[in-house]
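Visitor:
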Amino acid sequence: MIGALLRRQVRLLGRLLAITFAGLAGFEFLAIHVAEAFEKGPGLAQLFRMLPQVVQDVVTSQVGPVSFPALVAAAFLDPVPYAACIGVIVLVATLPAGERESGLLDLFLARPLSRRRYLLACLLLVALVACVLPLALLLGAALGLARVEMTDELPWTRYAPCALGLSALLLALGAITLLLAVESRRRGQAVARAVALVLALYLLDASSKFWPALADWGVLSPFRWFVPVRSAMEGTWPLREVSVLLAVALVASAIALWRFDARDLD
Amino acid sequence: MPNPVLHTRGLTKRYGATLALDALDLSVEAGEVFGFLGPNGAGKTTTIRLLLDLIRPTSGEALLFGRPPRDPAVRARIGYLPGDLVLDPRLSGSAMLDVLDALRGRGAPPGDARRRAELCERLLLDARDLARPVREASRGTRQKMGLVAAFQHDPELLVLDEPTGGLDPLVREAFFELLDDTGRRGRTVFHSSHVLSEVERTCARAAILRQGRLVVVERIATMRAALPRRMTLRFDAAPPDDVLRAPGVAVLERDGGRVVLRVGAELGPLLAALARTPPLELVFPEAELEDAFAHLYDGSAADAEDASRTPSRVAPGVRSTRTSEPAP
Chain B
1204 MIGALLRRQV RLLGRLLAIT FAGLAGFEFL AIHVAEAFEK GPGLAQLFRM
1254 LPQVVQDVVT SQVGPVSFPA LVAAAFLDPV PYAACIGVIV LVATLPAGER
1304 ESGLLDLFLA RPLSRRRYLL ACLLLVALVA CVLPLALLLG AALGLARVEM
1354 TDELPWTRYA PCALGLSALL LALGAITLLL AVESRRRGQA VARAVALVLA
1404 LYLLDASSKF WPALADWGVL SPFRWFVPVR SAMEGTWPLR EVSVLLAVAL
1454 VASAIALWRF DARDLD
Chain G
59 MPNPVLHTRG LTKRYGATLA LDALDLSVEA GEVFGFLGPN GAGKTTTIRL
109 LLDLIRPTSG EALLFGRPPR DPAVRARIGY LPGDLVLDPR LSGSAMLDVL
159 DALRGRGAPP GDARRRAELC ERLLLDARDL ARPVREASRG TRQKMGLVAA
209 FQHDPELLVL DEPTGGLDPL VREAFFELLD DTGRRGRTVF HSSHVLSEVE
259 RTCARAAILR QGRLVVVERI ATMRAALPRR MTLRFDAAPP DDVLRAPGVA
309 VLERDGGRVV LRVGAELGPL LAALARTPPL ELVFPEAELE DAFAHLYDGS
359 AADAEDASRT PSRVAPGVRS TRTSEPAP
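Here the protein sequences line up with chains B and G, keeping their order. Using the working numbering, you'd call the opening residue of the first sequence number 1204 and step up by one each time. Using the working numbering, you'd call the opening residue of the second sequence number 59 and step up by one each time.
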């Protein structure tokens, strides 16, 4: 039954996923070309020093020291792919609210499909999308590096952890959104709540890096646990950060399952 | 009633201060085609949503096949058509039916494909309708798809909420025949509607719900038999006193030799009086269930259940909304 639901959802979301996948891969591919042009031209570090000090501070706080590997990794948290990935995950994770609003959920749950199985199917879809979208960036990076013949300078093991981290972040945000969707009667309401929360969490993370009063609160934001540049620079797998994000996803999913099972679907 | 297919005991649903359903006690036996009547907002859909575990009762319980509807195995034995049917507009009709069939949890046996084809044929749903995306289908076509989805796995219990909405008269008749066949094959049907004539046409027994409360559960024939009827008589002179004063008779209209009477269940004394003074003309149509329906919805009825069983108490609220056929 879960398979039937998943197949239907993938079929309906297929076009959106394909377009987003191609866009993300293309973005990373181009980003590598731009980074390579700077790297082989005036030099990234020299170019960076020409920027105002305040801009240098902001960039350094967000992506660390400017270098070719850092720029490749930074594409994973560039606003464009970031917004695209989060937008798609919010759209997917609010599906239960949409199907509840339309009445389709009644038709499904009147069959021998338990509420938990239905939500599990939604969760699996969120996990699938959370894996597929970072893979697009990974593919774009691999193709881009091959195109500029820099695979030796930056092997896949340096930026694959970025994709893993992004997957974990999307999964955590997806699970939180799913929880909000379970508590919403309308999809618009669920999307609005999710966008507001994601934005608040993002701002919390960003501002905690500048504002000492918020420094301790930054850990509450899932964005704090996504560290692509550090992973790319050090070439290490961010296992601790991924574990925290997976734990967030697990807790949010468990609460969503419990709430969905307990509530009236009116 | 031994082993009812559907049983509710004190089933109550409250939304804050609003009582949507008040202590519903109901039993539907296997093989019954049961009508569930009430105006919009009476609590019919709330009851159905409770029966399908889409909402949970505030108190009381609902049992289907002796088990709570929360058990998915129970819902595997049900076919459901919601009142405000929504199908995925992006899928084709046949893809939507496939998805709903797949959610039964097992591969459709070969017989089901034949059954679906047979249902489509009976409900005049052709292959082109099923091939098109649902968003392009008319309301009637979508309703036919919903009916096929409800019937296609030959469920033991059919829960149909306003099933004829959007159907043209031809398809509606085909649906009634399908329902008759379903009942004849021993399947149980819970037919919720606010259209009295539909329930009268398809069901042997019905419950009437008003403002969340069960007003009456009775066989349709019994409901009709208990109703007061109108009798129109024409005499060549003034109607005789023993006719006008017969027990259980009330005069509604009088115009010379023509008189319209309201007659209760006890006909003996009136017939005896008529035998003594035969009228020139007598019109005595069968009572319409709609009269009971109208009366039971009348807020002035203090005790509707009693009223439906006692003609003299039904009488003040009675109003006929149908054209009566003369008695043979």
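Just so you know, even glycine gets a beta-carbon here, dropped at the ideal spot from N, CA and C. On a predicted model such as this, the values are computed, not experimentally measured, just so you know.
#1: Counting only runs that start and end within the region 106-188 of chain G, where is the alpha helix (DSSP H) found for 4 or more residues in a row?
#2: Relative to the C-alpha of Thr1297 of chain B, which residue among B:Arg1443, B:Leu1468, B:Val1283, B:Val1329 is closest?
#3: Who are the near neighbours of Ala100 of chain G in its chain, counting only those whose CB is closer than 6 Å to its CB and skipping five residues on each side?
#4: With three or more C-beta pairs closer than 8 Å as the rule, is the region 1390-1397 of chain B touching the region 1339-1346 of chain B?
#5: Output yes or no for whether 8 Å exceeds the beta carbon distance between Leu1209 of chain B and Ala1324 of chain B.
#6: Less than 8 Å between the C-beta atoms of Ala331 of chain G and Asp294 of chain G, yes or no?
#7: Please report the Cβ distance between Gly124 of chain G and Gly68 of chain G, rounded to the nearest whole angstrom; I am assuming they are in contact, meaning their Cβ atoms lie under 8 Å.
#8: List, in order along the chain, the chain G residues whose C-beta lies closer than 7 Å to that of Ser1305 of chain B?
#9: Scan the region 1308-1331 of chain B for residues whose Cβ lies nearer than 7 Å to a Cβ of chain G and list them as they occur along the chain.
#10: Would you kindly work out how many angstroms separate the C-alpha atoms of Gly96 of chain G and Ser251 of chain G, rounded to a whole number?
#11: Does any residue of chain B bring its CB to less than 8 Å from the CB of Ala232 of chain G?
#12: Can you tell which of G:Gln210, G:Val307, G:Val229 has its C-alpha closest to the C-alpha of Arg1314 of chain B?
#13: Should Tyr1362 of chain B be labelled buried (16 or more other beta-carbon atoms within 10 Å of its own) or exposed?
#14: Tell me, please, which residues DSSP counts as bridged to Pro191 of chain G.
#15: What residues from the region 1393-1419 of chain B come within 7 Å of chain G, judged by C-beta to C-beta, listed N to C?
#16: To which residues of the same chain is Ser1456 of chain B closer than 6 Å at the C-beta, ignoring the five residues directly before and after it?
#17: At the 8 Å Cβ level, is Val157 of chain G part of the contact set with chain B, yes or no?
#18: Count Cβ pairs between the region 1282-1289 of chain B and the region 1427-1445 of chain B that sit closer than 8 Å; are there 3 or more?
#19: Looking only at DSSP bridge pairs, what is Lys71 of chain G linked to?
#20: For Arg303 of chain G, which residues of its own chain have a beta-carbon under 7 Å away from its beta-carbon, when the five flanking residues on both sides are left out?
#21: Since Leu1215 of chain B meets chain G, which of its residues come closer than 7 Å, beta carbon to beta carbon?
#22: Please return the same chain residues whose Cβ sits closer than 8 Å to the Cβ of Gly1229 of chain B, not counting the five positions on each side in sequence.
#23: What separation, rounded to the nearest whole angstrom, lies between the Cα atoms of Val217 of chain G and His249 of chain G?
#24: Does the region 183-199 of chain G come close enough to the region 138-149 of chain G that 3 or more CB-CB pairs lie under 8 Å?
#25: Pick out whichever of B:Leu1382, B:Ser1411, B:Ala1238 has its Cα sitting closest to the Cα of Asp1419 of chain B.
#26: Going by the DSSP bridge assignment, what does Ile1222 of chain B pair with across the sheet?
#27: With Ile1398 of chain B as the anchor, note down where its alpha helix (DSSP H) starts and where it stops.
#28: Assuming Leu1460 of chain B and Arg1303 of chain B make a contact with CB atoms under 8 Å, what is their CB distance in whole Å?
#29: Does the beta-carbon distance from Val86 of chain G to Val63 of chain G come in below 8 Å?
#30: Taking DSSP as the reference, what is the three-state secondary structure of Ala264 of chain G?
#31: Kindly list the residues whose CB is nearer than 6 Å to the CB of Asp111 of chain G, restricted to its own chain and excluding five residues on each side of it in sequence; keep chain order.
#32: In terms of residues, what are the limits of the beta strand (DSSP E) holding Met281 of chain G?
#33: For Arg125 of chain G, go through chain B and note every residue whose CB falls closer than 8 Å to its CB, in chain order.
Guide: Answer, in terms of the structure:
#1: Those alpha helix (DSSP H) runs which fall completely within the region 106-188 of chain G and span 4+ residues are 130-133, 151-160, 168-180.
#2: Residue B:Val1329 holds the alpha-carbon nearest to the alpha-carbon of Thr1297 of chain B among B:Arg1443, B:Leu1468, B:Val1283, B:Val1329.
#3: Cβ neighbours of Ala100 of chain G within its own chain (closer than 6 Å, five residues either side excluded): Leu267, Arg268.
#4: The answer is no - the region 1390-1397 of chain B does not touch the region 1339-1346 of chain B, with fewer than three Cβ pairs under 8 Å.
#5: In this structure, Ala1324 of chain B lies closer than 8 Å to Leu1209 of chain B by Cβ.
#6: Between Ala331 of chain G and Asp294 of chain G, the gap from beta carbon to beta carbon reaches 8 Å or more.
#7: Not quite, the Cβ-Cβ distance comes to about 17 Å (not below 8 Å), so this is no contact.
#8: At a C-beta separation below 7 Å, Ser1305 of chain B has these neighbours in chain G: Val144.
#9: Using a CB distance below 7 Å, the part of the region 1308-1331 of chain B facing chain G consists of Asp1309, Leu1310, Phe1311, Leu1312, Ala1313, Arg1314, Pro1315, Leu1316, Ser1317, ordered along the chain.
#10: Each residue's Cα considered, the two are about 7 Å apart.
#11: It does not: the Cβ of Ala232 of chain G has no partner Cβ on chain B nearer than 8 Å.
#12: When only C-alpha atoms are compared, the closest one is G:Gln210.
#13: A residue is called buried when at least 16 other Cβ atoms come within 10 angstroms of its Cβ; Tyr1362 of chain B meets this threshold and is buried.
#14: In the DSSP assignment, Pro191 of chain G is bridged to G:Ser150.
#15: Those residues of the region 1393-1419 of chain B that come within reach of chain G (Cβ to Cβ, closer than 7 Å) do not exist; the list is empty.
#16: Answer for Ser1456 of chain B: Leu1326, Ala1378, listed in chain order.
#17: By the rule that beta-carbons nearer than 8 Å mark a contact, Val157 of chain G touches chain B.
#18: Result no; under three Cβ-Cβ pairs closer than 8 Å.
#19: Lys71 of chain G is bridged to G:Leu79.
#20: Only residues of its own chain outside the window of five on either side were considered, and among them none has a CB closer than 7 Å to the CB of Arg303 of chain G.
#21: Within 7 Å Cβ-Cβ: Arg148.
#22: So the qualifying residues of the chain are Gly1343.
#23: For Val217 of chain G and His249 of chain G, the distance between alpha carbons rounds to 6 Å.
#24: In this structure the region 138-149 of chain G touches the region 183-199 of chain G; the number of beta carbon pairs closer than 8 Å is three or more.
#25: When each option's Cα is compared against that of Asp1419 of chain B, the closest is B:Ser1411.
#26: Paired residue(s): none; Ile1222 of chain B is not in a bridge.
#27: Strictly speaking, residue 1398 of chain B in this sequence is Val, with Ile absent from that position. In the DSSP annotation of this structure, the continuous segment of the alpha helix (DSSP H) that includes Val1398 of chain B starts and ends at 1390-1411.
#28: The Cβ separation is near 15 Å, so there is no contact.
#29: Their beta carbons are under 8 Å apart, which means Val86 of chain G touches Val63 of chain G by this criterion.
#30: Here Ala264 of chain G sits in strand by DSSP.
#31: Pro127, Arg128.
#32: First-last for Met281 of chain G: 278-283, but that is the alpha helix (DSSP H), not the beta strand (DSSP E).
#33: Chain B residues near Arg125 of chain G: none, gap ~12 Å exceeds 8 Å.
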